[in-house]
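Let me begin by presenting the structure, written as structure tokens, before commenting on it.
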Amino acid sequence: ALVAPIANQVIGKISQTVDRSTNAACEHESGDLIADAQLAATQAPEFGGAVAAFMNPGGVRADFAFASSAAGEGDGNITYGESFTVQPFGNSLVTMSVTGAQIKTMLEQQFVGCGQPAAPTGFNRVLQVSKGFEYEWDRSGGVCARVVPGSVKLNGAPINDAQIYRVTVNNFLADGGDGFVVLKNGTDRLGGAVDVDALTDFLKPTLSPAPTGTPYVPPALTRIKQKDATVTSCPSN
116 ALVAPIANQV
126 IGKISQTVDR
136 STNAACEHES
146 GDLIADAQLA
156 ATQAPEFGGA
166 VAAFMNPGGV
176 RADFAFASSA
186 AGEGDGNITY
196 GESFTVQPFG
206 NSLVTMSVTG
216 AQIKTMLEQQ
226 FVGCGQPAAP
236 TGFNRVLQVS
246 KGFEYEWDRS
256 GGVCARVVPG
266 SVKLNGAPIN
276 DAQIYRVTVN
286 NFLADGGDGF
296 VVLKNGTDRL
306 GGAVDVDALT
316 DFLKPTLSPA
326 PTGTPYVPPA
336 LTRIKQKDAT
346 VTSCPSN
């Protein structure tokens, strides 16, 4: 009862449910939204100068539902409480410097036998990526060789192994959580906002009256691709 006025505050508007149902490449709308919010929060030079953000799938715990909650905020409105249900861990953002080669290692560590425990106990943990970052992976690839060579791109340009990139993750990933141990080697770290606050700031423009403000529309799931055309759902391993 004491926190209800804060929890029920509307922080943004959406055009439809932004869910965490994955496609064949294991990408989902909720993850895209969160990764985009984290990039937006850390792009400015004084907040980290990030060029990409990555979100662990296990940190996305629910859909952003279009239907009104029991609080009665109305369809299409997202409350602070609902956003906390999606991201309940209170993680802070960390922007760090990594090489292109380390980014590729991070992507390989998404898959069983490389960063994740081997099957049958292990399962793939495909990171959700921010706008402008893209790559393709191949389920039939060998251990630590799932990412299709030449497919990792930032704003259309191939990632250079030797180049330094500023990337943002949450503090759990930054400390090597979920098997992404390469991120422990990231340098020049800068702490940032709490994840829910970054999301709140990202959605704030949707609350402005039209035509300036319009509800958030989830983008097409095209940032991550899966090479095997016979695969129709997110492979667990």
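Under our numbering, the first residue of the sequence shown is numbered 116, with each subsequent residue one higher. A virtual CB, placed ideally from N, CA and C, is assigned to each residue, including glycine. Computed from a prediction, not measured in an experiment: that's the story for all the values here.
| query | Between the stretch 139–146 and the stretch 333–351, do at least 3 Cβ pairs fall closer than 8 Å? | reply | The answer is yes - the stretch 333–351 touches the stretch 139–146, with three or more Cβ pairs under 8 Å.
| To the nearest angstrom, how far is it from the Cα of Gly291 to the Cα of Leu148? | Their Cα atoms are separated by approximately 23 Å.
| message | Under 8 Å: do the stretch 276–287 and the stretch 127–139 share three or more Cβ pairs, one atom per stretch? | response | No, they do not touch.
| request: May I have a chain-ordered list of the alpha helix (DSSP H) segments no shorter than 4 residues that lie completely inside the stretch 148–222? | output: 195–201, all fully within the stretch 148–222.
| said: Could you tell me which whole alpha helix (DSSP H) segments of length 4 or greater appear in the stretch 273–299? | reply: Segments of the alpha helix (DSSP H) lying fully in the stretch 273–299: 286–289.
| query | Okay, do the stretch 260–271 and the stretch 296–315 touch, 3+ Cβ pairs below 8 Å being the bar? | reply | Because the criterion of three Cβ pairs below 8 Å is not met, the stretch 260–271 and the stretch 296–315 do not touch.
| field | Beta-carbon contacts of Asn239 that lie in its chain and below 8 Å, excluding the five residues immediately before and after | value | Within the same chain, Asn239 has close Cβ partners Cys141, Gln225, Phe226, Val227, Gln231, Cys349, Pro350, Ser351 and Asn352.
| message | In the DSSP assignment, the beta strand (DSSP E) including Asp303 goes from what residue to what residue? | response | Unbroken beta strand (DSSP E) run through Asp303: Thr302 to Val309.
| query | Sorted by chain position, which residues of the same chain lie with C-beta nearer than 7 Å to Asp316's C-beta, five sequence neighbours on each side aside? | reply | Contacts found: Ala156.
| said: Let me check one thing: in DSSP terms, what residues is Ile126 bridge-paired to? | reply: Paired residues: none, contrary to the question.
| Beta carbon of Leu298 nearer than 8 Å to that of Leu305 | Contact: no.
| Does the pairing of the stretch 317–334 with the stretch 200–212 give three or more beta-carbon distances under 8 Å? | The answer is no - the stretch 200–212 does not touch the stretch 317–334, with fewer than three Cβ pairs under 8 Å.
| Straight-line CA distance for Ala159 to Asn123? | Ala159 and Asn123: Cα-Cα distance of roughly 30 Å.
| Boundaries of the beta strand (DSSP E) in which Tyr250 is found, first to last residue | Where Tyr250 is concerned, the enclosing beta strand (DSSP E) stretches over Phe248 to Trp252.
| Beta carbon of Asp254, beta carbon of Glu223: below 8 Å? | The question names Asp, yet the displayed sequence has Arg at residue 254. The criterion of a C-beta distance shorter than 8 Å is not satisfied by Arg254 and Glu223.
| Lys268 bridges to which residues according to DSSP? | According to DSSP, Lys268 shares a beta bridge with Glu249 and Pro273.
| field | Lys342, DSSP secondary structure in three states | value | Correct three-state label for Lys342: coil.
| request: Return the CA-CA distance between Val118 and Glu249, expressed in angstroms with no decimal places. | output: Going from the Cα of Val118 to the Cα of Glu249 covers about 40 Å.
| query | Count the other CB atoms within 10 Å of the CB of Ala185; is the residue buried (16 or more) or exposed (fewer)? | reply | So Ala185 ends up on the exposed side.
| Residues of its chain near Met221, where Cβ-Cβ distance is below 7 Å and the 5 sequence neighbours each way are ignored | Cβ neighbours of Met221 within its own chain (closer than 7 Å, five residues either side excluded): Phe295, Val297 and Leu298.
| message | Tyr195 and Ile129 - do their beta-carbons sit closer together than 8 Å? | response | Cβ distance not < 8 Å, so Ile129 and Tyr195 don't count as in contact.
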